[in-house]
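The numbering of the sequence shown is the numbering used here, which starts it at 801 and goes up by one. Virtual Cβ for every residue (Gly too), placed ideally from N, Cα, C. Working notes, beginning with the structure itself.
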Amino acid sequence: MSVQVTSSAAAGSSPADQVRALQHALYRAAKADPGRRFHALWDKVCRRDVLWRGWVAVRANEGAPGIDRVTLVEVEEYGVVRLLDELADELRQGRYRPLPARRVFIPKPGVEDESRPLSIPSVRDRIVQAAMKIVLEPVFEADMLPCSFGFRPKRGAHDGLQVLIDESWRGRRWVVETDIANCFSAIPHEKLMQAIEERVCDQSVLKLLRAILRAGVMEDGQLRRPVTGTPQGGVISPLLCNVYLHRIDRAWNAREHGVLVRFADDVVVMCRSREQAEAALARLRTVLAELGLEPKEAKTRIVHLEVGGAGFDFLGFHHRLVRVTGRRNSKKSVTFLARWPADRAMRHARDRVRELTRRSRLLLPVEVIVAKVNRFLRGWAAYFRYGNSAIAFEKIIHHAWTRVALIRSYGESECRVRL
């Protein structure tokens, strides 16, 4: 049995509409039969409208070239349609081979003297990975559970943050916080493929996934082909990570171990007592060990939320229980879980403003520099505005004003730094 998009849905519709119709059909089929394994997906990966949507996603995300040094602009000069036709033919004829990704190291935001590896596939490979993601995501999305918030359609960080507030109101004020050590680089390939094969039996799709995982990375002129990991930076890597870590969600018993909130490899559990929190942490260690993973010990701890006590960091925010009173002379007070930008997020903001206003930028027009600073500040504020962030905003604005004051003094510009 294969998934079909009805002619009435496809007739007269745009390529984007046709791709959405395909995804909806795949999702409905997967949701209707949790035990179904899909065997007819390859033809959908090779469709030109799917590859086109893959290109649109890759182009929107911009990004650097891979080891072939072909840029997005060069692809456009070559001809996008021409390239997609070539990719479709290579895929159908079994001639497509992914290149190794180019390995670079980028600084960790807000962390001094620490970097993380980033694997940059070629533009061609990013398009194919995006097409694979378009087809596979609705199949696995049908299985995903409400406790997972990272890299999923129509879900995000603020949805997970709201769960923390809701559960603290319900009395869950013992918190287990951790993240998975080197998650993207530690996932065993064979166990990951077993998780994929629970839903997919199309051998062409599975063969391509194995080829992507085994393509390796090029670092300092040396080709490395690890047997673990989904290269961080690959278009399809977040989906593969979620598919694998879904086994944590599936094994979790909220009644016994507390409410799990997972954003990719960042994990928080809201518990009612220290005993439950300790049991939850033990359960996490057990499940991760079964998956060939382990928690990062430096970031693993149990926190008791109480007024005047410790807090915890999650998804860029610092969370802490606070008590506020009402109007003057009022005896009424409200206790709630407040949040504001964590120290690491503040360092990242300061570092980014400093980088945008460093001396080497002085050759640019003042308006350009201030526009770049404002663009960053708007994006930063758009994320952190949902919280108790007024004081943090004032500090970052003051820092930005200080950094651009000298630059503004060189011209008559009336530019303003603003959130």
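Contacts around S968, its chain only, beta-carbon distance under 8 Å, and the 5 residues preceding and following it disregarded: M1070, L1105, L1121, F1136, L1137
Cβ-Cβ distance between E977 and F1117 below 8 Å: no
Cβ-based burial, K844 [other Cβ within 10 Å; buried from 16]: buried
P917, DSSP secondary structure in three states: strand
T1086, buried or exposed, once every other Cβ within 10 Å from all chains shown has been counted against 16: exposed
Cβ-Cβ separation, L1091 to K1195 (assumed contact under 8 Å), whole Å: The Cβ separation is near 40 Å, so there is no contact.
Residue environment, Y878, which counts as buried when at least 16 other CB atoms sit within 10 Å: exposed
Within 8 Å, strictly: CB atoms of M1146 and A1192: yes
Segments assigned beta strand (DSSP E), at least 3 residues, entirely inside the stretch 1090–1165: 1101–1104, 1112–1114, 1117–1125, 1133–1141
Exposure of K933, with buried meaning 16 or more beta-carbon neighbours within 10 Å: buried
Cβ pair V1017, R903 closer than 8 Å: yes
Cβ-based burial, F905 [other Cβ within 10 Å; buried from 16]: exposed
Same chain only: Cβ atoms within 8 Å of S808, ignoring 5 sequence neighbours per side: For S808, the predicted structure reports a pLDDT of 40, less than 50, and the residue's modelled location is therefore unreliable. A value from the coordinates is still provided. Answer for S808: no residue qualifies.
Residue range of the beta strand (DSSP E) that includes E977: 974–979
Where T1157 falls, given that 16 or more other Cβ within 10 Å makes a residue buried: buried
Any 3 or more C-beta pairs closer than 8 Å across the stretch 864–873 and the stretch 919–930: yes
According to DSSP, residues forming a beta bridge with G1034: Q1032
Straight-line Cα distance separating L822 from A816: 10 Å
Buried or exposed by the 16-neighbour rule on C-beta atoms within 10 Å, applied to T806: In this prediction, T806 scores a pLDDT of 47, lower than 50, which makes its location untrustworthy; no coordinate-derived value is stated.
Assigned secondary structure, D1221 (DSSP; H/G/I helix, E/B strand, else coil): The requested residue 1221 does not occur in the structure, where the chain is confined to residues 801 to 1219.
Where E862 sits in the DSSP three-state scheme: coil
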